[in-house]
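See structure below.
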Amino acid sequence: MPLQPDDGQQSEDSGKVASFRSCVQSGFFLWHLVWLSVMQLRHYLFIGTLNPMLNRLADNDSALVSQYTNAFAFTQLCGVLCAPWNGLIMDRHKGKPLAPGETDKEADLRSSSLSLFLTSLQCLLFSICASSPLLPFQYLTFILQVLNRSFLYGGNAAFVSIAFPGVHFGKLYGLVMSLSAVVSLLQYPCFALVKGALGGDPFYVNIALTLLTLLAFIHPINIFYHCRKLTNQREDMAGGAAITLAEAKM
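Heads up: the sequence shown is residues 146 to 395, going by our numbering.
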C-alpha cells in the first residue's frame with residue numbers, strides 16, 4: 146500500500162502527484178525540519194565556541210590548544226570517508242525481494258528510518274561529549290562531530306528524495322535548508338549568553354542543547370510507526386482477501 150498524498154507522497158492508485166503545499170504541510174516535512182534544525186544548530190554552536198572552550202579546558206596553554214585545533218582540522222578531512230556509510234545503510238535493502246504489496250518507495254522509507262535514528266543518536270552522543278569538562282574527551286567529540294555531520298546532510302537530501310515526489314525535490318530541499326538556516330540564527334543569542342551571563346562557560350548551554358537534541362528522535366520514530374502501520378494495513382487486506390476467496394469457494 147503506497148503512502149498517502151497527505152504524507153507528501155505520490156498516490157500510486159490515483160496517479161496524481163501531491164501538491165507542493167501539501168508536502169510542506171505534511172508531518173514528514175515538519176518533523177524533518179525539526180530533525181535537521183536541532184542538529185545543525187548544535188553543530189554551529191560547537192564550532193563557534195570551540196576555540197574559547199579549548200582555551201578554557203587547556204588553561205590557556207597555546208601549544209595544547211594548537212594540538213587540539215590541528216586534531217579537529219584533521220578529522221574534518223575524514224568526512225569524505227564517513228559519507229558512504231550512510232549510503233550503505235540507506236541502500237541495505239536493495240536487491241532483496243519486496244514483501245507482497247510493498248512498493249519501492251515504502252521500502253526506501255523504512256530503510257531511511259534507521260539512518261535517521263542513528264544520525265540522531267550520533268548527535269546526542271556528540272553533544273554529551275562536547276559538554277564534558279575533560280579535555281582528552283574532546284578527541285572523541287571531534288570524531289563524532291564529523292561522523293554526525295556527514296550523516297546529517299547526506300541523510301537530509303536522501304530523505305527528501307525518498308519521502309516526497311521527485312518533481313518537488315529542488316523546492317523542498319531548498320526550503321528545508323533555508324528554514325533550518327533561520328533556526329540556526331539562534332546561535333547568536335546563545336553566544337551572547339555564554340559570553341555575558343555565563344562568563345564564557347558554555348556548559349549550561351551545552352546541557353540545554355543536549356536536551357533539545359532529544360527532539361530529533363521523534364522523526365525516525367514517527368517514520369518507523371508509519372511504515373509499521375502500512376505493513377499492518379497490507380496484511381489486513383491480504384487476510385481479508387484470503388477469507389473472501391475461501392468463502393467464495395464454499
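Even glycine gets a Cβ: it sits at the ideal position worked out from N, Cα and C. Quick caveat: nothing in here was measured; it's all calculated off a predicted structure.
Span of the alpha helix (DSSP H), counted from its first residue to its last, around residue i
{"i": "residue 335", "result": "332-340"}
{"i": "residue 346", "result": "Counting along the chain, residue 346 falls outside any alpha helix (DSSP H), and DSSP gives it neither H nor E."}
{"i": "residue 308", "result": "283-308"}
{"i": "residue 182", "result": "172-202"}
{"i": "residue 312", "result": "That residue, residue 312, is in no alpha helix (DSSP H); it is neither H nor E in DSSP."}
{"i": "residue 216", "result": "207-222"}
Per-residue DSSP class, three states only, for residue i
{"i": "residue 325", "result": "helix"}
{"i": "residue 146", "result": "Because the pLDDT of residue 146 is 34, which lies under 50, any placement of that residue in the model is unreliable, and the number read from its coordinates should be weighed accordingly. Note: residue 146 maps to coil in three-state DSSP."}
{"i": "residue 250", "result": "helix"}
{"i": "residue 319", "result": "helix"}
{"i": "residue 166", "result": "helix"}
{"i": "residue 244", "result": "coil"}
{"i": "residue 268", "result": "helix"}
{"i": "residue 237", "result": "coil"}
{"i": "residue 354", "result": "helix"}
{"i": "residue 278", "result": "coil"}
{"i": "residue 374", "result": "helix"}
{"i": "residue 159", "result": "Bear in mind that the predicted position of residue 159 carries a pLDDT of just 42, short of 50, making it unreliable; the figure below should be weighed with that in mind. Three-state result, residue 159: coil."}
Local Cβ density within 10 Å of residue i, reported as buried at 16 or more and exposed below that
{"i": "residue 214", "result": "exposed"}
{"i": "residue 315", "result": "exposed"}
{"i": "residue 380", "result": "exposed"}
{"i": "residue 207", "result": "exposed"}
{"i": "residue 225", "result": "exposed"}
{"i": "residue 281", "result": "exposed"}
{"i": "residue 339", "result": "buried"}
{"i": "residue 375", "result": "buried"}
{"i": "residue 275", "result": "buried"}
{"i": "residue 310", "result": "buried"}
{"i": "residue 305", "result": "buried"}
{"i": "residue 283", "result": "buried"}
{"i": "residue 326", "result": "exposed"}
{"i": "residue 86", "result": "Outside the shown range of the chain, which is 146 to 395, sits residue 86, and nothing can be said about it."}
{"i": "residue 361", "result": "buried"}
{"i": "residue 210", "result": "buried"}
{"i": "residue 154", "result": "The predicted position of residue 154 is uncertain, since its pLDDT is 46 and thus under 50; a value taken from the coordinates is nonetheless stated next. Looking at its Cβ environment, which holds 16 or more other Cβ atoms inside 10 Å, residue 154 is buried."}
{"i": "residue 356", "result": "exposed"}
{"i": "residue 308", "result": "buried"}
{"i": "residue 279", "result": "exposed"}
{"i": "residue 170", "result": "exposed"}
Residue i: CB within 8 Å of a non-hydrogen atom of the ligand GTP
{"i": "residue 269", "result": "Ligands in the displayed structure: none, and consequently the ligand GTP is not present."}
key: Given 8 Å, three or more beta-carbon pairs between the stretch 222-234 and the stretch 321-338   = By the criterion of at least three beta-carbon pairs nearer than 8 Å, the stretch 222-234 is not in contact with the stretch 321-338.
Okay, do the stretch 366-374 and the stretch 255-271 touch, 3+ Cβ pairs below 8 Å being the bar?
Taking one beta carbon from each stretch, the stretch 366-374 and the stretch 255-271 have 3 or more pairs nearer than 8 Å; the two touch.
Would you check if the stretch 263-278 and the stretch 289-300 touch, i.e. whether three or more CB-CB distances between them fall below 8 Å?
Touching, per the Cβ criterion.
Pairing CB atoms from the stretch 179-195 with CB atoms from the stretch 346-357, are three or more of them under 8 Å? Three or more beta-carbon pairs drawn from the stretch 179-195 and the stretch 346-357 are found closer than 8 Å, and the two stretches are therefore classed as touching.
Given 8 Å, three or more beta-carbon pairs between the stretch 215-227 and the stretch 281-293: Yes, since at least three Cβ pairs between the stretch 215-227 and the stretch 281-293 fall closer than 8 Å, the two stretches touch.
Specify whether the stretch 171-179 and the stretch 306-326 touch according to this definition: at least 3 beta carbon pairs, one from each stretch, less than 8 Å apart.
Flag = yes, the stretch 171-179 and the stretch 306-326 touch.
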